[in-house]
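Read through the structure below, which is laid out as structure tokens, and then see the notes.
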Amino acid sequence: MTYAAETTILILILTIPDPIGDIATPSSLVTRPLRRHESRRKSYEPYGGYAPSAKRSSRKLPVMLQFHGGGWVAGGSDSAANDFFCRRIAKVCDVIVLAVGYRLAPENRYPAAFEDGVKVLNWLGKQANLADCCKSLGNNRRVNGVELKKLNVQGHIVDAFGASMVEPWLAAHADPSRCVLLGVSCGGNIADYVARKAVEAGKLLEPVKVVAQVLMYPFFIGNNPTQSEIKLANSYFYDKSVSALAWKLFLPEKEFDFDHPAANPLAHNRSGPPLKLMPPTLTVVAEHDWMRDRAIAYAEELRKVNVDSPVLEYKDAVHEFATLDMLLKTPQAQACAEDIAIWVKKYISLRGHEFSY
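The sequence shown begins at 0 in numbering that gives the first Met the number 0 and counts up one residue at a time.
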């Protein structure tokens, strides 16, 4: 799929778990389509998704932004494997999952995918702010001397800001102050970038607050190879030579460098906030993945500056083992989802955690 130069297509799958039913059955998640959103040069196109059933309580759920993998040039938020993974994570973590479809290379090279990740975070904030406008107008339904009927109040706000900008069900069920980022493979690079931008924005993002991030076998690389990059260069499923080609297709030709800030999180030329200000970061790695050591090294650097950054390493596992479980059927995949849920729930509980960043 290619994208016109003047249009960014973001496909959002909004996944809300139903507390009743098994993850494998359709009854466990109910669908809710997204409407089309348009602004000056950007659009959000509906794919479809999941919304609360009538049986769900009125409590609001944390939000998780999920960035799929695919080596910058492939994959999609709407793939069967990614949909299966999002359903599983939504259920075990009890969160709303927004699976983000970002622009792909080589038609759209760096920084397109990173910019799309930040735009979705800003879009989430706008949804919450527009919902507040709806509430305010709902309390005073006279606009320009005209009394609005209750059913038309929300429509008036929609018209004022642009057609179909408000997703009322998202405002009703999502708590953006408990936002978690989850990135898979190259999506982990995007998640880490978005986390840095969230730190830089600070209160400007309110009511959105990134409270944690999960990096699943992130697509990190560097000019100086690690032990796992040497030993597992020809590893199962996704070897290093293929990965090098993916980076050549993603980075602008004049910027190609394995120590590019998008590729190496510990590169000397990496800009952004100090590591000590980063949100809590969970890193998932696989034993037979050449990317393992660099991901672990990044987690260790975060720990050195007192950021909660544990590493979950799964034996006899390969790259994408948990997110391609629909195809690979590995016993570690369900365990990984449950382990992620245990850690994430520490930061999305309603106990009023305070963060320094």
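Virtual Cβ for every residue (Gly too), placed ideally from N, Cα, C.
Query                                                                                                                                                             : Result
Please report the straight-line C-alpha distance between Val306 and Ala332, rounded to a whole angstrom.                                                          : 26 Å
Considering only the alpha carbon of each residue, which of Leu301, Ile95, Cys185 lies closest to Tyr216?                                                         : Cys185
With C-beta atoms as the reference, is Ala80 less than 8 Å away from Leu265?                                                                                      : no
Using a Cβ-Cβ cutoff of less than 7 Å, which residues in the same chain neighbour Ala104 once the five nearest sequence positions on both sides are dropped?      : Trp71, Val72, Leu248, Phe249
Nearest to Ala173 by CA position, among Val207, Val183, Ile295, is which residue?                                                                                 : Val207
Would you kindly report the start and end of the unbroken alpha helix (DSSP H) that includes Gly426?                                                              : Not covered by the structure: residue 426. The range shown for the chain is 0 to 356.
In angstroms with no decimal places, state the Cα-to-Cα distance between Asn188 and Arg58.                                                                        : 32 Å
Can you give me the start and stop residues for the beta strand (DSSP E) that Met215 sits inside?                                                                 : 209 to 215
When the distance is taken between beta carbons, is Ala316 closer than 8 Å to Ala336?                                                                             : no
Suppose the cutoff is 8 Å on Cβ atoms and the five residues either side in sequence are ignored; what does the same chain contact list for Glu254 look like?      : Tyr109
Alpha carbon to alpha carbon, how far is Ala98 from Leu314? Give it in angstroms, no decimals.                                                                    : Per the sequence shown, the amino acid found at residue 314 is Lys instead of Leu. If I take the Cα positions, the gap works out to 27 Å.
My guess is that Leu362 and Val209 are in contact by the Cβ rule of under 8 Å, so how many angstroms apart are they, rounded?                                     : There is simply no residue 362 to check, as the chain begins at 0 and stops at 356 in what is shown.
Do Cys85 and Ala340 have their C-beta atoms closer together than 8 Å?                                                                                             : no
Given a threshold of 16 other Cβ atoms within 10 Å of its Cβ, counted over all protein chains shown, does Pro251 qualify as buried or as exposed?                 : exposed
Going by DSSP, name the residue or residues bridged to Thr280.                                                                                                    : Gln212
Across the stretch 270 to 280 and the stretch 294 to 303, are there enough close Cβ pairs to call them in contact, namely three or more that are closer than 8 Å? : yes
From the DSSP output, in three-state form, read off Asp338 for me.                                                                                                : helix
Can you round the beta-carbon distance between Phe257 and Ile295 to whole angstroms, since I take them to be within the 8 Å contact cut?                          : Wrong, their Cβ atoms sit about 18 Å apart, outside the cutoff.
Taking Glu312 as part of the beta strand (DSSP E), name the residues at either end of that continuous run.                                                        : 310 to 313
By a C-beta neighbour count over all protein chains shown, 10 Å radius and 16 as the cutoff for buried, is Gly182 buried or exposed?                              : buried
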